[in-house]
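Protein chains in written order, with the working numbering: chain A, 1 to 254; chain B, 255 to 1001. Structure first, then comments.
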Amino acid sequence: MLGRLAAKRLNEIRQVFRQVLFPSRAFSTALNYHLDSPDNNPDLQWEFSAVNKEKVKEILSHYPSNYKQSAVIPLLDLAQQQHGGWLPVSAMNAVAKVVEVAPIRVYEVATFYSMFNRTKVGKYHLLVCGTTPCMIRGSREIEEALLQHLGVKRNEVTKDGLFSVGEMECMGCCVNAPMITVADYSNGSEGYTYNYYEDVTPKRVVEIVEMLRKGEKLPPGTQNPKRIKCGPEGGNTTLLSEPKPPPCRDLDSC
Amino acid sequence: MGLGLLASKAVRPASRILHSPNPRNFLLRTIVSKPELKKPEGAAAQTQPEPPPVDLPPRTPVAGARVHFDNPDDAIEVFVDGYPVKIPKGMTVLQACEVAGVDIPRFCYHSRLSIAGNCRMCLVEVEKSPKPVASCAMPALPGMKIKTDTPVAKKAREGVMEFLLMNHPLDCPICDQGGECDLQDQSMAFGSDRGRFTEMKRSVVDKNLGPLVKTVMTRCIQCTRCVRFATEVAGVQDLGMLGRGSGEEIGTYVEKLMTSELSGNVIDICPVGALTSKPFAFKARNWELKGTESIDVTDAVGSNIRIDSRGPEVMRIVPRLNEDINEEWISDKTRFCYDGLKRQRLNDPMIRGRDGRFKAVSWRDALAVVAEIAHQTKPEEIVGISGRLSDTESMMALKDFLNRMGSDNVWCEGIGVNTNADLRSGYIMNTSIAGLEKADVFLLVGTQPRVEAAMVNARIRKTVKATQAKVGYIGPPTDFNYDHQHLGADPQTLLDIAEGRHPFSKTISNAKNPCIIVGGGVLERKDKDAILATIETIAKNGKVVRPDWNGLNMLLLHAAQTAALDLGLVPRSEKSLESAKFVYLMGADDVNLEQIPNDAFVVYQGHHGDKSVYRANVILPAAAFSEKEGTYENTEGCVQQTLPAVPTVGDARDDWKIIRALSEVAGMRLPYDTISAIRARIKTVAPNLVHMDEREPAIFSSLPKPDITEKVSKTPFGIAVENFYMTDAITRASKIMAQCSAALLKK
Chain A
1 MLGRLAAKRL NEIRQVFRQV LFPSRAFSTA LNYHLDSPDN NPDLQWEFSA VNKEKVKEIL
61 SHYPSNYKQS AVIPLLDLAQ QQHGGWLPVS AMNAVAKVVE VAPIRVYEVA TFYSMFNRTK
121 VGKYHLLVCG TTPCMIRGSR EIEEALLQHL GVKRNEVTKD GLFSVGEMEC MGCCVNAPMI
181 TVADYSNGSE GYTYNYYEDV TPKRVVEIVE MLRKGEKLPP GTQNPKRIKC GPEGGNTTLL
241 SEPKPPPCRD LDSC
Chain B
255 MGLGLLASKA VRPASRILHS PNPRNFLLRT IVSKPELKKP EGAAAQTQPE PPPVDLPPRT
315 PVAGARVHFD NPDDAIEVFV DGYPVKIPKG MTVLQACEVA GVDIPRFCYH SRLSIAGNCR
375 MCLVEVEKSP KPVASCAMPA LPGMKIKTDT PVAKKAREGV MEFLLMNHPL DCPICDQGGE
435 CDLQDQSMAF GSDRGRFTEM KRSVVDKNLG PLVKTVMTRC IQCTRCVRFA TEVAGVQDLG
495 MLGRGSGEEI GTYVEKLMTS ELSGNVIDIC PVGALTSKPF AFKARNWELK GTESIDVTDA
555 VGSNIRIDSR GPEVMRIVPR LNEDINEEWI SDKTRFCYDG LKRQRLNDPM IRGRDGRFKA
615 VSWRDALAVV AEIAHQTKPE EIVGISGRLS DTESMMALKD FLNRMGSDNV WCEGIGVNTN
675 ADLRSGYIMN TSIAGLEKAD VFLLVGTQPR VEAAMVNARI RKTVKATQAK VGYIGPPTDF
735 NYDHQHLGAD PQTLLDIAEG RHPFSKTISN AKNPCIIVGG GVLERKDKDA ILATIETIAK
795 NGKVVRPDWN GLNMLLLHAA QTAALDLGLV PRSEKSLESA KFVYLMGADD VNLEQIPNDA
855 FVVYQGHHGD KSVYRANVIL PAAAFSEKEG TYENTEGCVQ QTLPAVPTVG DARDDWKIIR
915 ALSEVAGMRL PYDTISAIRA RIKTVAPNLV HMDEREPAIF SSLPKPDITE KVSKTPFGIA
975 VENFYMTDAI TRASKIMAQC SAALLKK
């Protein structure tokens, strides 16, 4: 009895330590290797749609014909948009065929970049910025609120397939921290948007989710009504005078 | 790598910490173990005013590193630790250090692979550079002052080593690489005696790469040598670097076996125990093994190998460096056939009784029976066939013995009737294997080098990759791991090229160094003379044979063939086997046994109970290549010898000794008792066969040849090697090779 209690307590302590020792920082939505599943295996057929085939041609035209592999990232992005926000292994194979490299060279790229999702995501993929400024301004609470509201874990898709929540690195909106990004795959690659919602609060993100669910449009950018873009709340407090022109260099004296 | 020395050098300063002037060293957790490394910049500044040494003793380059100046103007001078060294332009700092005799620690750098520069272990200090530079990726510039043993360089290495060991498991006691591990050696030589990483180490899922390579991916340090080897040398783009940051791992992403005939080499190039040999797993430690420098006999390339044995057992086979033949790679068949040496072995002389079962007898009885029956047979009904693994000495003895018996029906299997063995240039690889790198157009006729001679294929691939050489192929559709043009499947295409109707004939005549490789399988065709004559026409039209370049090659299939042709072991008539009454098979397992008449008496002398044993009346057990001293000539005409690594099995004897003993029992004693005596006899027949480790080029002469009456037939070229993993008695007995054939060959 005592032994069991002790073991239980030890387990609890271990759990506490585990949380400290393993901050779960999986940015990518999948493992670094592929496991066959009914909706993701190399035997499935995958092709670019007719519209996207034109886009593929356009993308390839940006690069010299002997360096087709340079187009791998834009093509993977296009494939991801077409496939509802994630890349099955057969889509990567299709890209490999287009850029004429071995499939493994495409897998290397797709696993390297965390914005390529290799498992299913929701139609609206919500990405919470977790880098320092956003974290200090409460990104963890925001993620918590989202996960709780949707009833999912990180990188898990809701039952209706509409939402999934992930974490990502700094998107350069630190001045309006915290922020989330909504990748909207609901309208295929034509209506694909990737919008930032800044100055969010745990309450606001839930509202955003509900608006998205209803299909309402909401303006991206700061969600704080008192701010204009990234200006300070209540108007500017410094740099109020006209900016001085830059001092002209005397080019002749150089 | 000679790091053992460095290890002992580096262990010593650790004791100096005890005599450190600063007693607080014991209380503080210092960043580096050596006090002088704590402020490397300050220490470096102190050492700077040191006057340059005047008389430096000459240093020996590392691992025989040589400098070759293509153009004397390109020589530049750099200083390695103050020692001036002349190197050609374009060499890296690391190579310059090697020439200067300084061994730089490295993990990702490999001289035969592209430069990755991602392990950072080779950091050195370069004067006027703000930070240490990765020497493997830095080109040496004129006047560069490289410092390899300054505190800055030492601290840099120590730091890198600490990072590498951060996620490396401490499982050396159960790791198969233990004892020959670069990470182990270099952490002894250059690492700190403590680490500061207290968090959990990461773990990585192991991958299944097939029956040959065992993976323990947690040990991987991401040097990417295996990825580069697979992509650049083996030509199979299966492996890649997946993920990023600390989650980075080597893998195939999708479940995929490594389907390369050179995959075993990743075991050698892996600096840690991440990729190890699956058959050798947990079998032995490398310091228990005795290495014997020998030659591979599973194909005609004669790759240089080291047979590692423990007691009477061959534990593994690893490659030996030979720039002219196999560089430092060997094929999977060479590396993993060794377990065939322990199975299906013949260990006693045996005679088949009236009930059809074999009964073990003494050598005396067995030889007496064979000699008696040989005497009862008419000389023209005696036939001797040597096998594809036979060494030169035994083939000489067999020929001498049968000639003394009055028979000239002695040949080596795989050689067609009346093959022209008079001109050596007609059956060896005249270009030489290393010479293939100079060719710019290849015409492969009826040969699939990838399965027939994997090392030759690796050379062709290297050439194609380096110089974009064109490859034309005539034969059945097959796998190539480089770009090629499939010109046709039958000899008709050859006629088209010879008569200039085919566009490839222009490619050949425009080439600077064209190279034609004819497969050994062609020798067994009925129209071989016509085909060879057509090829000679192509060679003449395309100027393939010139005084400065000989691009007309034959790629033979078996280890014994070249020497057999040198000794003249060629069948004289098709009928001789069908009318034979006494057949002496010396390791010949691929003879068409149907042709042997039912009333013939068959003696099988060999080391494995393979195909021919089923037909044999008497079995004489012989030694395998790992157990005897034997001369083999490879397909380019380089003569090399095997050395005994392990004792023979049971009552088995060397092949030539059996024939020598038989000749004595038969009353016509062969006049040689020692291996040197038999080599003296070989010298009288083919003097090139006694110049060990030398390649005797053939003189190309245009002797008048008999007119060829027959026409080139329309039969397409066949596939000479159906199953790469199983070509001879040893590989057919091997369990590993059977697993490979089951798992890796495409159905």
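Built from N, CA and C at the ideal position, the CB exists for glycine as well.
Interface flag, residue i vs chain B, CB-CB below 7 Å
i: A/His34; result: yes
i: A/Pro247; result: no
i: A/Phe112; result: yes
i: A/Pro64; result: no
i: A/Pro88; result: no
i: A/Leu21; result: Residue confidence is low: A/Leu21 scores 41 on pLDDT, short of 50, so the model does not pin down where it sits. No coordinate-derived value is stated.
Neighbour list for residue i in chain B, Cβ cutoff strictly below 7 Å
i: A/Glu108; result: Gly494, Met495, Leu496
Where residue i meets chain B, residues with beta-carbon distance less than 9 Å
i: A/Ala102; result: Thr485, Val490, Gln491, Asp492, Gly494
Contact set for residue i: own chain, Cβ-Cβ below 6 Å, skip 5 residues either direction
i: B/Thr896; result: Ser548, Ile549, Phe879, Gly884
i: A/Pro103; result: Asn93, Ala96
i: A/Val175; result: Cys230
i: B/Gly689; result: none
i: B/His862; result: Gln598, Ala983, Ala987
i: B/Ala391; result: Ile369, Gly371
i: B/Thr673; result: Leu777, Val824
i: B/Cys769; result: Thr685, Ala693, Phe696, Gly805
i: B/Gly670; result: Leu777, Glu778, Lys782
i: A/Ser186; result: Lys123
Interface flag, residue i vs chain A, CB-CB below 7 Å
i: B/Val467; result: no
i: B/Gly891; result: no
i: B/Gly464; result: no
i: B/Gly505; result: yes
Proximal chain A residues relative to residue i, where beta-carbon distance stays under 7 Å
i: B/Val508; result: His34, Pro42, Val89
i: B/Phe501; result: Checking the sequence shown, residue 501 of chain B turns out to be Gly, not Phe. Under the 7 Å cutoff, chain A gives Asn32.
Beta-carbon contacts of residue i that lie in its chain and below 7 Å, excluding the five residues immediately before and after
i: A/Thr131; result: Glu169, Cys170
i: A/Lys68; result: Leu60, Val99, Glu100
i: B/Ile521; result: Val467, Leu529, Thr530, Ser531
i: A/Pro178; result: Cys129, Cys134, Arg137, Gly138, Ser139, Ile142, Val200
i: B/Val481; result: Leu493, Gly494, Met495, Ile504
i: B/Gly497; result: Glu503
i: B/Thr747; result: Ile728, Leu741, His756
Per-residue contacts from residue i into chain B (C-beta, under 8 Å)
i: A/Arg105; result: Gln491, Gly494
Presumed contact (8 Å Cβ cut-off) between residue i and residue j, rounded CB distance
i: A/Val51; j: A/Leu75; result: Actually they do not touch by this definition, with Cβ atoms about 14 Å apart.
i: B/Ala814; j: B/Ser557; result: Rounded, the Cβ-Cβ distance is 15 Å, inconsistent with contact.
i: B/Leu377; j: B/Ala410; result: 4 Å
Neighbouring residues, chain A, relative to residue i (Cβ below 9 Å)
i: B/Val459; result: Leu31, Asn32, Tyr33
**Asked** In chain order, which alpha helix (DSSP H) runs of at least 4 residues are fully inside the stretch 69-133 of chain A?
**Response** Correct list: 72-82, 89-99, 103-112.
**Request:** Just list the alpha helix (DSSP H) runs in the stretch 688-774 of chain B, keeping only unbroken ones of 4 residues or longer that don't cross its boundaries, in chain order.
**Result:** Unbroken alpha helix (DSSP H) runs of no fewer than 4 residues, entirely contained in the stretch 688-774 of chain B, are found at 703-706, 708-721, 745-752, 757-764, following chain order.
**Message:** Restricting to runs no shorter than 3 residues, where is the beta strand (DSSP E) found entirely within the stretch 388-420 of chain B?
**Reply:** If we require 3 residues or more, the beta strand (DSSP E) runs fully inside the stretch 388-420 of chain B come out as 399-401.
**Message:** What ranges does the beta strand (DSSP E) occupy inside the stretch 614-692 of chain B, keeping only unbroken runs of at least 3 residues that lie completely in it?
**Reply:** 636-640, 664-666, all fully within the stretch 614-692 of chain B.
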